[in-house]
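For what it's worth, the working numbering labels the leading residue of the sequence shown as 6, then goes sequentially. Beta carbons are placed, not taken as given, at the ideal position from N, Cα and C, and that holds for glycine. Report on the structure given below.
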Amino acid sequence: MLIGRIGKETLMKNRIHLAAALALVFALVFIMSACGGDSAPSEDTSAEGAVTEDTSGEETPAEDQVDAADGADLQTVTPGKLTIATGDPAWAPWVIDDDPASGEGYESAVAYKVAEYLGFAPEDVVWIRSDFDAAIQPGPKDFDFNLQQYSITEERREVVDFSSPYYKEPLVIITKKDNPFAEATSLAELKGAVFGAASGDIATQFTEEKIGPDKEVQLFENLSDVFASLNSGQIDATIVGLLTGDYVINVEGDQVEDGVILGSVEGSEDATGGLGLLLQKDSPLTLKVTEAVDALHADGTLDELKGNWLSSLDVPVLK
């Protein structure tokens, strides 16, 4: 009986030792697997062929997500509306009868064509007025784009965005027929003249750089004030776009009474970079608006609108 009891006790101890040994083996295997798991990637995660995964479980190429804001999802100031700003007043031939909503005048017509390209019906276009100089200052804008003959310059690009140019024209010098400088045939002959310009207008820069007048350029709030000062004799001359000069002298002569265009400033057409639609800096609409202007160039729409609204006028070039 004693021998049998000892045999059973020995057998029981052996079983316990075996179980303990097996448990130790399994523990070691588990620890080794955990330590080595990070060193063997289960799939290729290189940049080439990378995908993004949505909650539906379908794999979508990453680049497909870039165009999520197209069409009706355009980020405009007022959702579902396109807010366009222009000057106060807005001059012909850019806007006829100071009524941009009519679609008459070159800039008004261009604005509606851009709106159409972006997917906005005419009734979804909202017009507002803005001060010329205030609109090119840094900061948030209350419009989606603004057009009132803004010349594209690198200095302005630092604080606002521009589309590609929708029009290029030379800058011309205008004065009155009875002004002492009315017979000038070169830029050098105008150094003694008193020039005026709208605050923030590129005409100021061109006057200073191309003519270098002896007297400081006088600044005014808008072109209406510039023309009034020209009529009163407060200034001798001013620099404006060719079409504006043609309109205020040859079409609406009461704007500049007995006015005359002396000629264009040499190199001004290319140096200004053309006229562009102005947008807030880093606007989400800049690329789309530029795409619209480029498309209107390519299909001949802008040329057609120029023929409808803009006259051609040959003037001498002043050097």
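Residue i and residue j closer than 7 Å at C-beta
i	j	result
V265	V253	no
E274	K181	no
L280	Q154	yes
A198	A242	yes
D138	K286	no
A90	N151	yes
F200	T212	yes
K215	L192	yes
D93	R134	yes
I179	G238	no
S269	V322	yes
T291	L284	yes
I207	S169	no
P98	W314	yes
Rounded distance between the beta-carbons of residue j and residue i, thought under 8 Å
i	j	result
Y171	V298	5 Å
V131	Y117	Incorrect: roughly 12 Å between the Cβ atoms, too far for contact.
L310	Y111	6 Å
G306	L176	The question names Gly, but residue 306 in the sequence shown is Thr. At roughly 25 Å, the Cβ-Cβ gap does not stay under 8 Å, so T306 and L176 are not in contact.
T88	D136	Their Cβ separation, rounded to whole angstroms, is 16 Å, which puts T88 and D136 out of contact at 8 Å.
Beta-ladder partner(s) of residue i, from DSSP
i	result
A90	I133, N151
F167	L283
K181	G264
V322	S269
Q223	G201
Y172	L280
S156	L280
Environment of residue i [buried if 16+ CB atoms lie within 10 Å]
i	result
I240	buried
E163	exposed
P105	buried
N184	buried
D319	exposed
D308	exposed
D326	The chain is shown from 6 up to 324; residue 326 falls before or after that span and cannot be answered.
G217	exposed
N255	exposed
K324	exposed
G312	exposed
A126	exposed
Fill in: Minimum length 4: unbroken alpha helix (DSSP H) runs contained in the region 225 to 296
Whole alpha helix (DSSP H) segments, 4+ residues: 228 to 237, 247 to 251, 273 to 276.
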